[in-house]
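Written out below as structure tokens is the structure these notes cover.
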Amino acid sequence: MAEKSKEQLEKEAEKKRIKEEKKKLIAEQKNQRKEAKKKAKELAAQEDELDEDEEPGGLPVFLVTILIIVVWLAILAVLVKLDVGGIGSNILRPLLKDVPVINRILPDDTPGVGGDSDNVDGYTNLKDAVIQIRSLEQQLENVQSQKLSEDDELAQLKAEVERLKTFENQQVEFERIRTEFYQEVIYSEKGPGADEYRKYYEEIDPTNAQFLYSQVVQEEELSQEITDYVAAYSAMKPKDAADIFNTMTGDLNLVAKILENMESDARGKILAEMDEETAAKVTKIMDPD
């Protein structure tokens, strides 16, 4: 009797240990799902930012274009006002002298060489004007360099998003293969079923059966959890449910399980409201063939 009681105590202690291990495993998987959702949201935010930066006719391009035009107009106005090479007095004066506003850029109609002694827009000689022109050209070059730097940074961010998308696709494929394995091993028509597997694993050596036993028990608990999810999402509007599923790109296997257990009509309405790429991935998980 004492020996039998000792065996029972050892068995109960072993069961308790397995139960604790199972709880730890479930907690770790929940944390992984949370991290995946967080990463998916960050990727979505980066994609939105990239899309906004890639829109044609953006403000930075517009400002650079305007700055280039203004710089060259200023250069032309200074050259005309200073009458460099006689361009103001000999060429443009006969054409523009009667045009209002524009004729103000023409050099003064006074004897002497093109305005060396005049104060034109703050410049008293050609040398000062050339210095200002070079300063404006340098500013323009700095703006263009900054734009190139921003383009390089944008390209790097886009490459990083593409790289992370590869890992996301690999995660989806892994979840699909794992689900298919569980279905074939435990829930196939020729399989004994989850209850029989659980009884079998409880009878054999717990050390060797620990992993498979915890997986079977976890599947049973997830089954009830999926049932609760199905009831909750079925009661929601298809668009609201689709918006939530679109944010769960890091755990599409769970989305597929929920939709799989819903009525076909409700499932179809939700898939129709979902993002096309996400809906395609979920459909592939539900029906890999």
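Those letters in the sequence shown? Residues 32 to 320, by my numbering. Cβ coordinates follow ideal geometry from the N, Cα and C atoms, glycine included. Since the structure is predicted, the reported quantities are computational estimates derived from the model, not experimental observations.
Classify residue i as buried or exposed, calling it buried when 16 or more other Cβ atoms lie within 10 Å of its own Cβ.
i, result
"I100", "exposed"
"L40", "exposed"
"K268", "exposed"
"P138", "buried"
"E96", "For clarity, residue 96 is Thr in the given sequence; the question names Glu instead. Under this definition T96 is an exposed residue."
"E308", "exposed"
"I49", "buried"
"L302", "buried"
"V92", "exposed"
"G145", "Residue placement at G145 cannot be trusted, given a pLDDT of 43 that sits under 50; what the coordinates show is reported in the next sentence. Counting Cβ neighbours within 10 Å, G145 comes out buried, since at least 16 surround it."
"I275", "exposed"
Assuming contact is defined by CB atoms lying nearer than 8 Å, are residue i and residue j in contact in what I supplied?
i, j, result
"A272", "V313", "no"
"R207", "I316", "yes"
"D324", "N284", "Residue coverage of the chain in this structure runs from 32 to 320, which leaves residue 324 outside it and unanswerable."
"K68", "G281", "yes"
"L104", "V174", "no"
"E78", "V192", "yes"
"M293", "S265", "yes"
"I164", "I106", "yes"
"L171", "V109", "no"
"L113", "A160", "yes"
Please report the residue range of the alpha helix (DSSP H) in which residue i lies.
i, result
"L285", "L283 to E291"
"R298", "S295 to E304"
"A310", "E307 to M317"
"P269", "P269 to N277"
Counting only C-beta atoms, is residue i closer than 8 Å to chain D at any point?
i, result
"R165", "The structure shown contains no chain D; it is built from a single protein chain."
4-residue-minimum alpha helix (DSSP H) runs that sit fully inside the stretch 41 to 113, ordered along the chain: Whole alpha helix (DSSP H) segments, 4+ residues: 90 to 112.
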